[in-house]
Amino acid sequence: MEIDSGPGPEPTQPAERDYSVSATGLVSRTFKLWFRNILAYVVIVGIVSFVWAIAQSFVSIFILGVDFTDYFGSDPTSFLLGIISILTDPYVTPGDIALFVPVSIVIFILSLLIYAIIAGAAVKYALDDYGTKSADISESFSFATGRAVTLILAQLIVGLITGAIIAVPALILVFSFVTGYIDLALIGIVAVIVAIVVILYVSIRLAPTLAVVIAEDLSAMDSVKRAWEITSGNFWHIFGGQILLGIAIAVVSFVIGLIALSFAFAGGYLVTLIITAIAALLLSPLNYVFQAVLYKDLKSRATESDQEWW
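The sequence shown runs 10 to 319 under the numbering used here.
Below you can see the structure in the form of C-alpha cells.
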C-alpha cells in the first residue's frame with residue numbers, strides 16, 4: 010500500500026519550460042523585471058557608470074587638460090582611434106604624447122574592467138531576480154568582479170570576430186579609393202554590404218554571450234561557443250525580440266523627449282537636462298535585463314528540444 014507523504018516542497022523557481030516565451034514575451038518580461046526593481050538597476054548601471062564617467066573626466070582634465078579629453082576612448086575602437094589621432098596630430102608635442110599614451114592606456118583598461126563588472130552585475134541581478142526573486146546588488150557586483158576577466162575576454166573575442174569579418178572588405182574598399190580602380194570599388198562595396206549582413210547574423214547568434222559568462226562556469230571562448238550553440242535555429246526569434254525591444258525603448262524615449270521638450274519651450278533648460286539624464290539612467294539597464302531573459306528562454310528551448318529528442 011502506497012503511503013501519501015503529502016505535497017512536496019514548492020519549487021523555488023519556475024520550471025524551465027516557463028522561461029520559453031515568444032519574441033513579444035521576451036520584451037514584456039524584460040520590462041516587467043526592469044520595472045520590478047528599477048531602482049536597483051539604476052544603481053548598478055546608471056549611477057555607477059555616471060560616477061566613473063565623472064571620475065574619468067576629472068582625472069583626464071586634471072592630468073592632461075581639457076584639450077585632450079576628446080582623444081580618450083572607453084571601447085577598443087575609440088581607444089585606437091584616439092591613439093592614432095594624437096600620434097598624427099602635428100600640433101601635439103612629443104612630451105604630450107609621452108604623457109597621454111600611458112594615461113590613456115590606464116584609463117582604457119580601467120574602463121574595460123568597470124564596464125564589464127557593471128554589465129556582469131546587471132545580468133547577474135536580472136538572472137537571480139528572474140529565477141528566485143532573491144537578487145542582491147552587492148552579491149551581483151561581487152560575482153561579476155570574480156568573472157570580470159572572462160567578461161572582458163568574451164567581449165574582445167566577439168569584437169575580434171566581427172572585426173575580422175569586416176576587415177578584408179573594408180581594406181578592398183579603401184585600396185580601391187586610393188588607387189582609383191572603379192571595378193575594385195564596386196567589388197569592395199558589395200563585399201562590405203555582405204560583411205554587414207554577416208556581422209548582423211553573427212551578432213544575433215552571439216547575443217547572450219555575457220549572460221552565458223555569468224550563468225555558466227565557462228571560459229571566455231567556451232562561453233562564446235555556448236552562446237552560438239543555444240542560439241542555433243533561433244535567429245529570427247532573437248532578431249524579432251531585439252527589434253521589438255528597440256521599438257519599445259524608442260517609444261519610451263520619444264515620450265520622455267516630448268516631456269523634456271515642453272520644458273525647454275517653457276525656458277526650463279535645466280529641467281530638460283535633468284529629465285534627459287534621468288531617462289538615460291532608467292533605460293540604460295534594459296539591454297542587460299533582456300540578455301538575462303533571452304538566456305533563460307534559449308536555455309529552456311534547448312532543454313525542451315533535448316527532452317523531445319529522447
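Glycine residues also receive a C-beta, built at the ideal position from the N, C-alpha and C atoms.
This structure is a prediction, so every number in the text was calculated from the model and none was measured.
Using CA coordinates, which residue listed in V51, L122, I268 is at the minimum distance from T159?
Walking along the sequence shown from the start, residue 159 turns up at place 150. For the residues V51, L122, I268, the minimum Cα distance to T159 belongs to L122.
So, are the CB atoms of A163 and Y297 less than 8 Å apart?
Counting from one through the sequence shown, the residue named residue 163 turns up at place 154. Counting from one through the sequence shown, the residue named residue 297 turns up at place 288. Their beta carbons are not under 8 Å apart, which means A163 does not touch Y297 by this criterion.
Quick check on DSSP: helix, strand or coil for N46?
On the sequence shown, position 37 is the one that residue 46 refers to. Coil at N46, not helix or strand.
Got a sec, what are the start and stop residues for the alpha helix (DSSP H) V54 sits in?
Looking up residue 54 in the sequence shown gives position 45. Where V54 is concerned, there is no enclosing alpha helix (DSSP H), given that its DSSP letter is neither H nor E.
Which runs of the alpha helix (DSSP H) at least 4 residues long sit entirely within the region 169-256? Give them in chain order.
191-214, 218-224, 229-239
Count Cβ pairs between the region 197-211 and the region 171-186 that sit closer than 8 Å; are there 3 or more?
yes
Give me, in chain order, the residues of the same chain whose beta-carbon lies closer than 7 Å to that of G250; leave out the 5 immediate sequence neighbours on both sides.
On the sequence shown, position 241 is the one that residue 250 refers to. Correct list, in chain order: A32, L35, V36, L303.
Cutoff 6 Å; reference F244; Cβ partners in own chain excluding five residues on either side
In the sequence shown, counting from the first residue as 1, residue 244 sits at position 235. Closer than 6 Å at Cβ, skipping near neighbours: I213.
Assign V199 to buried or exposed, taking buried as 16 or more other Cβ atoms, counted over all protein chains shown, within 10 Å of its Cβ.
Taking the first residue of the sequence shown as 1, we reach residue 199 at position 190. Under this definition V199 is an exposed residue.
Rounded to the nearest angstrom, what separates V110 and W61 at their Cα positions?
Mapped onto the sequence shown, residue 110 falls at position 101. Mapped onto the sequence shown, residue 61 falls at position 52. So the two alpha carbons sit approximately 20 Å from each other.
Helix, strand or coil at P20 [DSSP, three-state]
Taking the sequence shown and counting its residues from 1, one reaches residue 20 at position 11. Since pLDDT at P20 reaches only 48, below the 50 mark, its modelled position is unreliable, and the value read off the structure follows with that caveat. Looking at P20 - three-state DSSP - the assignment turns out to be coil, as it is neither helix nor strand.
Tell me the residue span of the alpha helix (DSSP H) that contains P103.
Here the question's residue 103 lines up with position 94 in the sequence shown. Run containing P103: 103-140, per the alpha helix (DSSP H) assignment.
Ignore the nearest five residues each way along the sequence and tell me which others in T39's own chain have a CB closer than 6 Å to its CB.
Taking the sequence shown and counting its residues from 1, the one referred to as residue 39 is at position 30. Here the set comprises V298, F299, V302.
Check whether the Cβ atoms of V221 and V167 lie closer than 8 Å to each other.
The residue given as residue 221 occupies position 212 in the sequence shown. The residue given as residue 167 occupies position 158 in the sequence shown. Taking 8 Å as the Cβ cut-off, V221 and V167 do not qualify as a contacting pair.
I53 to L108, Cα distance in whole Å?
Translated into positions along the sequence shown, residue 53 becomes position 44. Translated into positions along the sequence shown, residue 108 becomes position 99. Cα to Cα, I53 sits roughly 33 Å from L108.
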